[in-house]
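Peer 1:
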Amino acid sequence: MTDSKLGPAEVWTSRQALQDLYQKMLVTDLEYALDKKGDQCLPSESLLYQIELHFVFSWNHAFKNQITTLQGQAKNRANPNRSEVQANLSLFLEAASGFYTQLLQELCTVFNVDLPCRVKSSQLGIISNKQTHTSAIVKPQSSSCSYICQHCLVHLGDIARYRNQTSQAESYYRHAAQLVPS
Numbered sequence: 308m309t310d311s312k313l314g315p316a317e318v319w320t321s322r323q324a325l326q327d328l329y330q331k332m333l334v335t336d337l338e339y340a341l342d343k344k345g346d347q348c349l350p351s352e353s354l355l356y357q358i359e360l361h362f363v364f365s366w367n368h369a370f371k372n373q374i375t376t377l378q379g380q381a382k383n384r385a386n387p388n389r390s391e392v393q394a395n396l397s398l399f400l401e402a403a404s405g406f407y408t409q410l411l412q413e414l415c416t417v418f419n420v421d422l423p424c425r426v427k428s429s430q431l432g433i434i435s436n437k438q439t440h441t442s443a444i445v446k447p448q449s450s451s452c453s454y455i456c457q458h459c460l461v462h463l464g465d466i467a468r469y470r471n472q473t474s475q476a477e478s479y480y481r482h483a484a485q486l487v488p489s
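This is the structure:
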């Protein structure tokens, strides 16, 4: 199934479902999710779970492709829908930024990660309505938490760069580099 065969509402709904699944898998069992990123699923694992893993780790590829496609269409001066495409690109980047910000926030809260660059929800007066069942969460290694938080920061930097927010992008990249120096 490709985005071109779906209407705009179905595309956004499908992406939201994938984002929710991605977030749930990372929070529930980060070690397993990271370990399975490059592996084949075991035959004993359910087909649905195998499909979910495939979508989770190919989502980034589809995400980047969508941005590249929209950027190309927005730059094409001959495109009669150029302003609509630019608006869709801006909306898509805003949604992506929100997703990664929310994911980073939840990962830091659930795994008790203290990032100097992160404002805690409690400082903003936000009380999480999501009930995370801590008994279902497998506690990951701190290196895995750092890795996935760095992943979020790098993607936030990329998104800021796509939005021509250079200083914001540099800030995200700097925090990512400080989190896991190479």
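When we follow the working numbering, the leftmost residue of the sequence shown carries the number 308, and every step to the right adds one.
In this text, a Cβ means the ideal position worked out from N, Cα and C, and glycines have one as well.
Quick caveat: nothing in here was measured; it's all calculated off a predicted structure.
Using a Cβ-Cβ cut-off of 7 Å (strictly less than) and excluding sequence neighbours within five positions of R470, which residues of its own chain qualify?
Peer 2: Taken in chain order, the residues that qualify are L400.
Peer 1: Classify S351 as buried or exposed, calling it buried when 16 or more other Cβ atoms lie within 10 Å of its own Cβ.
Peer 2: Annotation note: pLDDT 49 at S351 (below 50); position unreliable, coordinate value reported separately. S351 should be labelled exposed.
Peer 1: Sort E413, Q475, I455, L460 by Cα distance to D327 and report the nearest one.
Peer 2: Nearest C-alpha to D327: E413.
Peer 1: With distances taken from CA atoms, which of A476, Q393, P387 is nearest T491?
Peer 2: Since the first and last residues shown for the chain are 308 and 489, residue 491 lies out of range.
Peer 1: What is the DSSP secondary structure of S445, counted as helix, strand or coil?
Peer 2: It is Val, not Ser, that sits at residue 445 in the sequence shown. In the structure shown, V445 sits in a strand (DSSP, three-state: E or B).
Peer 1: For V461, count the other beta carbons within 10 Å of its own beta carbon; 16 or more makes it buried, fewer makes it exposed. Which is it?
Peer 2: Buried.
Peer 1: Could you check if N436 is buried or exposed, using at least 16 other CB atoms within 10 Å of its CB as the buried criterion?
Peer 2: With a pLDDT of only 44 at N436, under 50, the local geometry of the prediction cannot be trusted, and the value read off the model is given with reservation. With fewer than 16 other Cβ atoms within 10 Å, it is exposed.
Peer 1: Got a sec, what are the start and stop residues for the alpha helix (DSSP H) V392 sits in?
Peer 2: Note, V392: alpha helix (DSSP H), 389 to 417.
Peer 1: Using three-state DSSP, classify D421 as helix, strand or coil.
Peer 2: Looking at D421 - three-state DSSP - the assignment turns out to be coil, as it is neither helix nor strand.
Peer 1: Closest to K331 by CA distance: which of E391, S478, L410, L422 is it?
Peer 2: Comparing Cα positions, the closest option is L410.
Peer 1: If you drop the 5 nearest sequence neighbours on each side, which residues of the same chain put their C-beta closer than 6 Å to that of C459?
Peer 2: Cβ within range, chain order: Y407, L410, L411.
Peer 1: Give me the DSSP bridge partner(s) of D336.
Peer 2: According to DSSP, which records beta bridges pairwise, D336 is partnered with V445.
Peer 1: Where does N372 sit, in a helix, a strand or coil, going by DSSP?
Peer 2: Three-state DSSP puts N372 in a helix.
Peer 1: In three-state terms, what does DSSP make of Q472?
Peer 2: Three-state DSSP puts Q472 in coil, outside helix and strand.
Peer 1: Is the beta carbon of L422 less than 8 Å from the beta carbon of L396?
Peer 2: No, the Cβ-Cβ distance between L422 and L396 is not below 8 Å.
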